[in-house]
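Report on the following structure.
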Amino acid sequence: MKSANFYGETGLNRMAERRTDSAWLQSLAAGTDAVLIPIWRTRNLIAQNANNPEAVRLSALHINDILDDKSFLIFLGYQDGVPHFSIDLSHMDEPHEHPALKETGEFTDIRDIGLDLPREDGGLLAYSRAIAQWHKTHRFCGRCGHPSVPRDGGHMRLCTNANCKTQHFPRTDMAVIMLVSSGDKIILGRKKEWSKDRFSILAGFVEPGETLEGAVAREVMEEVGIPITNVRYHSSQPWPFPSNLMLGFFAEAESETINITDDELAEARWFTREELLDEANAYAEKPHSVSIARRLIAEWALGIEP
Ligand SMILES: [Zn+2]
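As numbered in the numbering used here, residues 1 to 306 make up the sequence shown, in order.
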């Protein structure tokens, strides 16, 4: 198995098989070793220890100071033998003024710090943020419109309408991201909102009723008008901002004639291996770059693609 991409490593045992046991979850939360991971709006609480940012893990002793009728605990799982819970404090206007949180750290968008975070903190905080975000946007039943309530340690929402009782689960939106090559070059595209020098490989969402290979071929045709073959899976990366899972592929072009039909792309062109190598070497020294796109480009340029 390949090493995990950034945000894909949490070191957690999610203990999914026990999440329905509310008595067990309550006893965990009441234990002295449990820790709390606070979320505020889309921000995670980050401590700056000698310029090395890391997740703030609050002692469970603070649970009763923080938990109120507008918040609930989400069970994330065990990390290093310690139960971790997340708590969303978005209803507070000034959470950093709360006595239990004062001077512990700053609420920060983790995408602004990326690789500076320990890898397992990156995964843990992205997961915690994503599931909190899902609760915020799924407060009502999509089937009947009644309010829903969190269950199973925050991994399900149950409709409160006795005639409905639909269970809702966090969703993950699948997106394919693919490096398309032809001999010694690959296609990179530049989105209209990107700077002149920023290029990346092509990507797009999987549609209902579609295979992953089908989505790869459709997206490449849609964006640059090129038929492809030999689609090979590489690895995946959670990108839960708010809910994507990126599935990385290599594919080969059957034509080199680019015909941009996608409104989002300002340009797309072929880049030779030579052009990419300087950059690829930089990434080879630091193999775990934040995005799977950079990793696929580096591995292809260095000749280590599947
Ligand atoms: Zn309902």
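Idealized CB from N, CA, C, for every residue including glycine.
All values derive from a computational prediction rather than experimental measurement.
Spatial distance of Leu12 from Met156 (CA atoms) | For Leu12 and Met156, the distance between alpha carbons rounds to 19 Å.
In the DSSP assignment, what are the bridge partners of Asn13?
-> Tyr78
Residue interval of the alpha helix (DSSP H) (run including Ser22) | 22 to 30
Pick out the complete beta strand (DSSP E) segments inside the stretch 99 to 163, 3 residues or longer, and give them in chain order.
-> 106 to 108, 148 to 151, 156 to 159
Between the CA atoms of Ser243 and Gly291 - distance to the nearest angstrom | Inspection of the sequence shows that residue 291 is occupied by Ser rather than by Gly. Those two C-alpha atoms are separated by around 15 Å.
For Arg239, the first and last residue of its enclosing beta strand (DSSP E) = First, the residue type needs correcting, since residue 239 is Trp and not Arg in the sequence shown. Start and end: 228 to 239.
In terms of DSSP beta bridges, what is Phe205 paired with?
-> Secondary-structure assignment with DSSP links Phe205 through a beta bridge to Ala175.
Consult DSSP for Arg295 and reduce its assignment to one of helix, strand or coil.
-> helix
Cβ-heavy atom distance between Thr137 and ligand 1 below 7 Å?
-> no
Closer than 6 Å is what we want: which residues have a beta carbon that near any heavy atom of ligand 1? List them in chain order.
-> Cys141, Arg143, Cys144, His146, Cys159, Asn161, Cys164, Thr166
The stretch 257 to 265 contacting the stretch 222 to 231, beta-carbon criterion three pairs below 8 Å = yes
Which residues in the same chain as Pro287 place their Cβ atom closer than 6 Å to its Cβ, once the five residues preceding and following it in sequence are excluded?
-> Bear in mind that the predicted position of Pro287 carries a pLDDT of just 45, short of 50, making it unreliable; the figure below should be weighed with that in mind. Cβ neighbours of Pro287 beyond the five flanking positions: none.
Enumerate in chain order the residues of its own chain whose CB-to-CB distance from His168 is below 8 Å, with the five nearest sequence positions on each side excluded.
-> Contacts found: His138, Cys141, Gly142, Ser148, Met156, Arg157, Leu158, Cys159.
Which residue from Glu267, Gly204, Tyr78, Ile110 puts its Cα closest to that of Phe326?
-> Nothing can be reported for residue 326: it is not among the residues displayed for the chain, which extend from 1 to 306.
Which value, in whole angstroms, describes the spacing of the CA atoms of Lys2 and Leu247?
-> 13 Å
Is it true that the CB of Gly123 sits closer than 8 Å to the CB of Thr10?
-> yes
Top-ranked residue by Cα proximity to Gly31, from Gly81, Ala217, Ile46, Thr42 | Gly81
In chain order, what residues of the same chain have a beta carbon less than 7 Å from the beta carbon of Ile63, not counting five sequence neighbours either side?
-> Ala29, Leu36
When the distance is taken between beta carbons, is Leu125 closer than 8 Å to Val176?
-> no
Residues near Trp239 by beta carbon distance below 6 Å, same chain, minus five either side = Once the five neighbours on either side are set aside, the close Cβ partners of Trp239 are Met246.
Minimum Cβ-Cβ distance from Met15 to chain C less than 8 Å = Judged by its chain identifiers, the structure shown contains no chain C, having just a single protein chain.
Which residues in the same chain as Thr229 place their Cβ atom closer than 6 Å to its Cβ, once the five residues preceding and following it in sequence are excluded?
-> Glu252, Glu254
Is Leu89 closer than 8 Å to Trp40 when the C-beta atoms are compared?
-> yes
Inter-residue CB distance, Leu265 and Gly204 (contact presumed, cutoff 8 Å) = No, Leu265 and Gly204 are not in contact; Cβ-Cβ is about 11 Å, not under 8 Å.
What is the rounded straight-line gap between the Cα of Glu267 and the Cα of Trp134?
-> 34 Å
Do Phe107 and Arg43 have their CB atoms nearer than 8 Å?
-> yes
Count the other CB atoms, across all protein chains shown, that sit within 10 Å of the CB of Gln48; report buried if there are 16 or more and exposed otherwise.
-> exposed
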